[in-house]
Structure formats: C-alpha cells, structure tokens
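Residue numbers (our numbering), protein chains in the order written: chain H, 1487 to 1775; chain W, 7 to 177. Below is one structure, written out as structure tokens, with a few remarks after it.
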C-alpha cells in the first residue's frame, strides 16, 4: 500500500514537472544577423519578451499563443543572446545565437611595413579580418587571396584560409624599387594598401680619380646601386679616405643623382678608398695621373 | 591553470597584482589562461601576455558596469571601434525599453590564438560562464546562467590593449 502511494505521488510530480517544462517560447538555436524570423509562444494572455545581449537589446509585447515576428535588421549584431518572456511571476528564458551573415562586406586589412627595402624575404605581412555588412566578424573559414603587385607589373599571389575571422600571409618584397599595391580580396570585397619598396644598401662602389686644379685630386664614384641594380637613394653617405705617410683624412659625401664626388689633396703615393655602410669600394694609389 | 593559485608563474609581471585583485572578493571569476608558447605568428612576450589578459578582463568588468548602469562614459578606456559602437548602441536600446542588464562572469577559460606579425592585433577565445540579470525599475525580471564562447580582438593603444571585437556564441 505504501509502495503504491509513493508510486502515485511520483507520477503526479512527474506530470507536474512535464507541464512546467513545456516551453512557452521556442527560439531557433541560431539566426543570421539582420534576417527576419519569428518565434512561437504557447499559452494565453499578454507578456513582454525581452531579448538582450551585449550587442542588442529589445522588447516585444506578446500575445501568448501567437508568433512573435522579428523584422529584418532588428537583431543585427552577432552574439549570444538571452530571451526572457515575462508574464506574471514566472519568467521563461531561452538562449540563442545571432551569427554573422554569410556574405562578406568588408575586410580590415593591415599591411606592414609601409616602407621596406627590396628583396626582403617574408618582409611584408598582411593581416585581413573579415566582416559582414553589420560589422560582425565572420568566423566560418573563408579563402582570402592576397596579391602584391609592383610597379613593373610583377605580382606575387597567395591565398590563406581564415581562422576565427582572420587570415594572414607574409610576402617577399620585389627586386625592383617602387610602390607596390598589396591587395586582400574575398569574393567581391577587397582592400588595398600601398607598400613602398626602396633600394637596399649599396652592393659595390666603383671610384675613379683624376687631377683637379690646385694640387687636388677629383674623386667620383660610378652610380651607386644595390645588389638588384636599383639606384641607391640620394643622401646616402659615401666616405672617401686618403692615407698618406701614416696620416689619414676622411670626407663624408652624400650621393647626388646617384653619384658621390669630392676633392682631396693630391699626394703622390697616397692610398684612397671609398666606402658606404659596410661596403668597401676599390682602392686607388695616387701617382699624379 | 587557475589564476587564483597559479597566476604568478604564467603572468609574472602583472600577475601578482592581478591575482590580488581576483582574490580580493569571492565573487570574482576564476580565470584560466592557456599557455601562450605556441601562439603565432608573432611570439607573445611575457609583458604582453599579462597586459592583454588584464585588459581583456577589465573589458568584461567595464561592459558589466556599462550595461548594468546604462552609462557609456567608461567605454573609451577599454573598447574601441565596432565593439565600442555596439555597446553604446545597446545602452541606448536598453534606455529606450527601460531595462538594465548585468553580466557577471563566474569563470573565464582564455586561449590566445593569434598574434599578428607586426604586433598590431591579438585574438583570443574565451569560454566564459556568466550570469545575466535583467532589471526593470530596479527589480529583477529574469536571470540566466550562460556558458558561451567569446571571440575577442584587441589592439594596442598608447596606454593599454583595447577590445576592437567582442563577439559571443554558443560553446
């Protein structure tokens, strides 16, 4: 008898629990940002439905038993949301996601550095964050293509799959100096940055000497180029050094139109050299001719 | 590792201060931070590790203060760009429907997944557990325990890392 009573009590409690568990509010687990959708409610009477998350907060007056319609763009910020249906003293709540829309609308593209020397392996980095039209980060993997085009028409292309909304690559700087267009593209969306590729350090220095007026010797370099043949920028310092009878004198001269030129005392037997940075040029032993 | 007892070895520079802050009240969330040894492509320096986590946790605190008091004056200290705009927009929406919402984290499980080559952005994932409480006229009208996965992107500024993207989703 006792056992039967216990069983009956348990059954009643179970039924009561089932009734209480009946959801009055049915949300899809996820909806696309900006999409119109509707949710069904159960019961009767009036209630207020609040939907809150860090990205959106809204309220709807609801007639229980009817659908609640959310207009397009009403929920447009991706995130995790809590919906609470307030009717009387027992609010009901559900959780759901708003996910980024499927179509990319913007790429936030960081290309660094904005200026670098030619021929640097993996010297340029590009980082692309992909956003939808509402500024939501698109977390599903996408194939982003990157292209670096230099002034001579040469181009390097790479693609990278995005992970958690970000894709990145590293590119080599081109052998030729000049501005390069660095582009990141996904579908019809793209972003472009300009990377200035400048000549590298001098590769070699070739100097010649000839007599000048007033017991002087005129020293002049050939046009100074980097190892890819790009003219080294004007202003780069070339140091001319003359050594004679144990004394040494040095003159620093900036390149002008790619050439460095100066005069030193013409001492028979003097050794004259030229250097720029770590590059040494040829040596000349001055013999008056 | 739990920050409550193992923060100092992981975040040596700011760790002691952060641990003290986190332990100062029992309501503070527990914070677990995955090792950042294999984060790439740029290695995360120790000082960056501690400052990024400190500023990210501060962002949650600021978000809670912002949305639970419907005030936007603190947002600029830790949010920037779209993240800042969206939170400010939510404050205005909450004001228009007469509610305030608190977001009180219970635990963070943080993993840094990307540090850009030039050091201008860092991305982390956070499996966070928090309580959402909605108030209307000062009275709670509903609350919910939430477990969600947040993606955050932070950028360095003059004074601190600021959150540029903060986006939640189901775990």
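Cβ atoms here follow ideal geometry from the backbone N, Cα and C, with glycine treated the same way. Quick caveat: nothing in here was measured; it's all calculated off a predicted structure.
Within its chain, find whatever has a CB closer than 7 Å to the CB of residue 175 of chain W; leave out the 5 residues flanking it on each side and keep chain order. Excluding positions up to five away in sequence, the list reads 154 and 155.
Put residue 124 of chain W into one of helix, strand or coil per three-state DSSP. Residue state, collapsed to three classes: coil.
Exposure of residue 1611 of chain H, with buried meaning 16 or more beta-carbon neighbours within 10 Å: Buried: at least 16 other Cβ atoms inside 10 Å.
Report all residues from its chain with a CB closer than 7 Å to the CB of residue 1667 of chain H; omit the five preceding and five following residues, and keep chain order. Around residue 1667 of chain H: 1635, 1678 and 1680.
Starting from the beta carbon of residue 1545 of chain H, find every residue of chain W whose beta carbon is closer than 8 Å, and list them in chain order. Neighbours of residue 1545 of chain H on chain W, chain order: 103 and 105.
Among W/123, W/122, W/61 and W/45, which residue has its Cα nearest to the Cα of residue 83 of chain W? The residue with the shortest Cα to Cα distance from residue 83 of chain W is W/61.
Sequence-distant residues of the same chain with beta carbon closer than 8 Å to residue 1516 of chain H, five excluded per side: Excluding the 5 residues flanking it on each side, residue 1516 of chain H has same chain C-beta neighbours closer than 8 Å at 1582, 1583, 1584 and 1585, in chain order.
If I measure Cβ to Cβ from residue 100 of chain W and keep anything under 8 Å in the same chain, skipping five residues before and after, which residues do I get? Closer than 8 Å at Cβ, skipping near neighbours: 73, 76, 106 and 107.
Assuming residue 1723 of chain H contacts residue 1762 of chain H (C-beta within less than 8 Å), just tell me the rounded distance between them. Right, their Cβ atoms sit about 7 Å apart.
Does residue 1626 of chain H come within less than 8 Å of chain W when only Cβ atoms are used? Chain W contact via Cβ: absent.
Under 9 Å Cβ-Cβ, which residues of chain H neighbour residue 120 of chain W? For residue 120 of chain W, the chain H residues whose C-beta falls within less than 9 Å of its own C-beta are 1613, 1649, 1650, 1652 and 1654, listed in chain order.
Rounded C-alpha distance that separates residue 1683 of chain H from residue 1659 of chain H: Their Cα atoms are separated by approximately 7 Å.
Determine which residues share a DSSP beta bridge with residue 1532 of chain H and list them. Bridge partners of residue 1532 of chain H according to DSSP: H/1549.
Give the residues of chain W in contact with residue 1579 of chain H, contact being defined as C-beta atoms less than 7 Å apart. Simply 148 and 150.
According to DSSP, simplified to helix, strand and coil, what is residue 177 of chain W? Note: residue 177 of chain W maps to coil in three-state DSSP.
Between the C-alpha atoms of residue 1518 of chain H and residue 1628 of chain H, what's the straight-line distance to the nearest angstrom? Cα to Cα, the separation comes out at about 17 Å.
Where the segment 119–141 of chain W meets chain H: residues whose CB sits under 8 Å from a CB there: Of all residues in the segment 119–141 of chain W, only 119, 120, 122, 123, 124, 126, 127, 129, 131, 138 and 140 place a beta-carbon less than 8 Å from a beta-carbon of chain H.
Can you give the Cα-Cα distance for residue 144 of chain W and residue 104 of chain W, rounded to whole angstroms? If you draw a straight line from the Cα of residue 144 of chain W to the Cα of residue 104 of chain W, it is about 10 Å long.
Give me the Cβ distance between residue 151 of chain W and residue 160 of chain W, rounded to the nearest whole Å; I'm assuming they're in contact under 8 Å. Not a contact, Cβ separation roughly 26 Å.
From W/121, W/134 and W/92, residue whose alpha carbon lies closest to that of residue 1538 of chain H: Residue W/92 is the option with its Cα nearest to residue 1538 of chain H.
Given a cut-off of 8 Å on the beta-carbon distance, is the pair residue 121 of chain W and residue 46 of chain W in contact? It is a contact, given that the beta carbons lie within the stated cut-off.
Which one of H/1540, H/1603 and H/1591 has the shortest CA to CA distance from residue 78 of chain W? Just measuring C-alpha positions, the residue of H/1540, H/1603 and H/1591 sitting nearest residue 78 of chain W is H/1540.
Could you pull out every residue in the same chain whose Cβ sits closer than 6 Å to the Cβ of residue 139 of chain W, ignoring the five residues on either side in sequence? Around residue 139 of chain W: 108, 146 and 149.
Got a sec? Which residues, its chain only, sit under 6 Å from residue 1562 of chain H by beta carbon, not counting five neighbours each side? Taken in chain order, the residues that qualify are 1519, 1520 and 1620.
Chain W within 8 Å of residue 1658 of chain H, Cβ atoms only: No, residue 1658 of chain H does not count as interfacial toward chain W.
Span of the beta strand (DSSP E), counted from its first residue to its last, around residue 1565 of chain H: Boundaries of the beta strand (DSSP E) around residue 1565 of chain H: 1565–1572.
Who are the Cβ neighbours of residue 116 of chain W in its own chain at under 6 Å, not counting the five residues just before and after it? Excluding residues within five positions, the ones whose Cβ falls inside 6 Å are 39, 130 and 132.
Residues within the segment 1587–1599 of chain H neighbouring chain W, beta-carbon criterion of under 7 Å: Within the segment 1587–1599 of chain H, the residues whose Cβ lies closer than 7 Å to some Cβ of chain W are 1596 and 1598, listed in chain order.
Please name the residue, chosen from W/98, W/34 and W/123, that lies closest to residue 48 of chain W on a Cα-to-Cα basis. It is W/123 whose Cα lies nearest to the Cα of residue 48 of chain W.
Identify the contact partners of residue 1623 of chain H in chain W, using a Cβ-Cβ distance below 8 Å as the criterion. Those are 157, 159, 171 and 173, listed as they occur along chain W.
Residues in the segment 33–53 of chain W with C-beta within 8 Å of chain H's C-beta atoms, listed in sequence order? If the cut-off is 8 Å between Cβ atoms, the segment 33–53 of chain W has 47 near chain H.
Minimum C-alpha distance to residue 1759 of chain H - residue among H/1743, H/1742, H/1738 and H/1774: The candidate whose alpha carbon is nearest that of residue 1759 of chain H is H/1738.
Which residue's Cα is closest to the Cα of residue 1690 of chain H: H/1526, H/1673, H/1714 and H/1701? It is H/1714.
Quick check: the Cα distance between residue 1534 of chain H and residue 1546 of chain H, rounded to an integer number of angstroms? Going by the C-alpha atoms only, they are around 6 Å apart.
So, helix, strand or coil for residue 29 of chain W, using DSSP? Confidence in residue 29 of chain W is poor, its pLDDT being 46 and thus under 50, which makes the residue's placement unreliable; the coordinate value appears in the next sentence. Three-state DSSP puts residue 29 of chain W in a helix.
Would you tell me roughly how many angstroms separate the C-alpha atoms of residue 1551 of chain H and residue 1530 of chain H, rounded to the nearest one? Cα-Cα distance, rounded: 6 Å.
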